[in-house]
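Numbering (the UniProt record's numbering), first residue to last: 1 to 261. Built from N, CA and C at the ideal position, the CB exists for glycine as well.
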Amino acid sequence: MEQASFPAVDRPCRSAAAQRVRGAARALMLMLMLLAAWIALLAPAHAQQAPRGVDAALAGQVRELAAAASRAAVPGMRVEIGLGELDPRLRLAPCQQVQPYLPPGVRLWGKARIGLRCLQGPTRWNVYLPITVQVFAQSLVATRALATGTTLEIGDLAPAEIDIAAEGSPAVREAGIALGRTLARPLAAGDGLHQRDLRARQWFAAGEVVRVVAQGSGYRVAGEALAMSAGIEGQSVRVRTDSGRILSGVAVAERQVEITL
């Protein structure tokens with residue numbers, strides 16, 4: 001009877017101990033996972049994963065080169081560099097020294113590229129690595145959903161930091177440029193406002209007398225003429241002078257046309 005009683009007491013004890021061990025193991029695993037996530041968040045930019053075909057050291061050089069050149073072009077703005085992938089069809093010979101460089105005429109803004117050339121290897125080669133340059137600055141964003149045709153008022157827009165290099169059209173950063181203008185396309189809440197989102201202004205109507213400013217190398221003259229068509233902001237317009245001469249210029253302001261000779 002005494003021997004039969006021991007297993008009944010011992011099994012619950014061992015089961016409770018096993019549960020405590022499993023619980024401690026789960027807690028330790030959770031702590032390790034949280035620690036790994038925290039380390040990843042604190043990792044420096046140069047520790048980002050390198051793109052295929054580019055080792056970590058070269059990827060760091062590319063980021064530093066692109067970031068330095070971008071910051072020099074837009075001082076005071078926050079810049080982030082994202083690396084793309086080399087063309088998978090490339091079959092590059094081994095190289096002991098690869099040099100990143102800025103291709104002539106490349107603007108480090110939005111989608112761009114960095115040159116990579118082999119300086120030391122059996123075969124010299126030159127390729128281009130696509131990159132994305134993000135430039136963050138205070139700009140105007142929609143405070144709510146705005147439909148096409150909305151005439152912008154002060155409560156429709158608010159300043160916020162956005163990537164001003166993400167769009168081909170320049171971001172609108174000053175309220176004076178936007179207020180009173182009409183939207184050419186809808187905006188969702190939080191969308192950045194760009195110049196292409198604004199309808200062009202009509203500076204004058206056909207038949208109105210306008211001021212014409214003609215300028216060339218080293219001179220500038222002004223006079224008056226009759227508009228032969230409506231003057232839409234930034235668009236070409238023809239005017240007729242008092243002598244009957246027809247000139248073509250660009251509508252630039254209220255009843256004003258500029259002509260470059």
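By the three-class DSSP mapping on this structure, what secondary structure does R107 have? coil
Mark R63 as exposed unless 16 or more other C-beta atoms lie within 10 angstroms of its C-beta, in which case mark it buried. buried
Need the endpoints of the beta strand (DSSP E) that R211 sits in, please. 209-216
Among the residues of its own chain, which have a CB less than 6 Å from the CB of E153, if the five just before and after it don't count? none
Using DSSP bridges, identify the partner residues of A227. V239
According to DSSP, which residues form a beta bridge with R220? Q215
Evaluate residue 268 with the Cβ neighbour count: other Cβ atoms within 10 Å of its Cβ, from every protein chain shown; 16 or more gives buried, anything less gives exposed. Beyond the ends of the chain as shown, which are 1 and 261, falls residue 268; an answer cannot be given.
Taking only the alpha-carbon atoms, compute the straight-line gap between I259 and I246 and give it to the nearest angstrom. 12 Å
Looking at R144: is its Cβ nearer than 7 Å to the Cβ of A178? no
Tell me, to the nearest whole angstrom, how far the beta carbon of L140 is from that of V172; I am working on the premise that it is less than 8 Å. 5 Å
Residue closest to T182, alpha-carbon to alpha-carbon, out of V209, T150, A166: T150
Where in the region 148-215 do unbroken runs of the alpha helix (DSSP H), each at least 4 residues long, occur, reported from the N-terminal end onward? 175-178
Under 7 Å between the Cβ atoms of V221 and A227? no
Within its chain, find whatever has a CB closer than 6 Å to the CB of F204; leave out the 5 residues flanking it on each side and keep chain order. V210, A227, G231, R255
How big is the Cα-Cα spacing for A166 and G110? 5 Å
Restricting to Cα atoms, I'd like to know which of P75, R107, I81, Q99 is closest to L119. Q99
Cβ of Y128 within 7 Å of Cβ of R117? no
With a 10 Å radius around its C-beta and 16 neighbouring C-beta atoms as the bar for buried, classify A251 as buried or exposed. buried
Which residue comes first and which comes last in the beta strand (DSSP E) that contains E80? 78-83
Beta-carbon within less than 8 Å of residue 316's beta-carbon, same chain only, minus the 5 sequence neighbours each way: which residues are those? The chain is shown only over 1 to 261; residue 316 falls outside these bounds and no answer can be derived.
Start-to-end residues for the alpha helix (DSSP H) that takes in A145: Careful: A145 lies outside any alpha helix (DSSP H) and carries neither H nor E.
Suppose contacts are defined by Cβ-Cβ distances below 7 Å. Is A225 in contact with R201 by that definition? no
Cα-Cα separation, T123 to P94: 8 Å
Cα-Cα separation between D55 and R91, rounded to whole angstroms: 16 Å
Residues bridged to A251 (per DSSP): V257
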